[in-house]
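Numbering (our numbering), first residue to last: 4 to 125. Where a beta carbon is used, it is the ideal one built from N, C-alpha and C, also for glycine.
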């Protein structure tokens, strides 16, 4: 499945990434359920779009995007659960918007740190 992810960094910048292996499977879906809503700060709508998308709840892109939407609505505990879900699954490569490759666990850990230090909040 091709999926995009928006990951919060300590600098509060948003990056867009995809699982590096997604293109190998040739699946075509909405590449980033909720991404447009996240980028336009419509976090409740982003949550609805992500939850409604035909994407596994174990997909790291889904979990991190959903975590961001939840955090931005002030639901820090629910957001942390999504980020921790990524850490419980296989560590997969993610390609961020600038073309760099990072691991899903690194993105989840950065999102958790941003959540804890207040960067990823309302």
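- Distance between residue 93 and residue 61, taken at the CA atoms: about 10 Å.
- DSSP lists 106 as the beta-bridge partner residues of residue 96.
- If you draw a 10 Å sphere on the C-beta of residue 74, you find 16 or more other C-beta atoms in it, and that means buried.
- DSSP places residue 62 in the coil class of the three-state scheme, outside both helix and strand.
- Just measuring C-alpha positions, the residue of 104, 112 and 79 sitting nearest residue 124 is 79.
- Taking C-beta atoms as the reference points, residue 55 and residue 89 fail to come closer than 8 Å.
- For residue 80, the three-state secondary structure derived from DSSP is helix.
- In this structure, residue 118 sits near residue 83, with a CB-CB distance shorter than 8 Å.
- Inclusion of residue 46 and residue 64 in the CB contact set at 8 Å is not warranted, their separation being larger than that value.
- Within its own chain, the residues whose Cβ lies closer than 8 Å to the Cβ of residue 108, once the five positions on either side in sequence are excluded, are 89, 90 and 94, listed in chain order.
- Counting along the chain, no alpha helix (DSSP H) covers residue 125, and no H or E run does either.
- Pairing residue 120 with residue 44, the inter-Cα distance amounts to about 20 Å.
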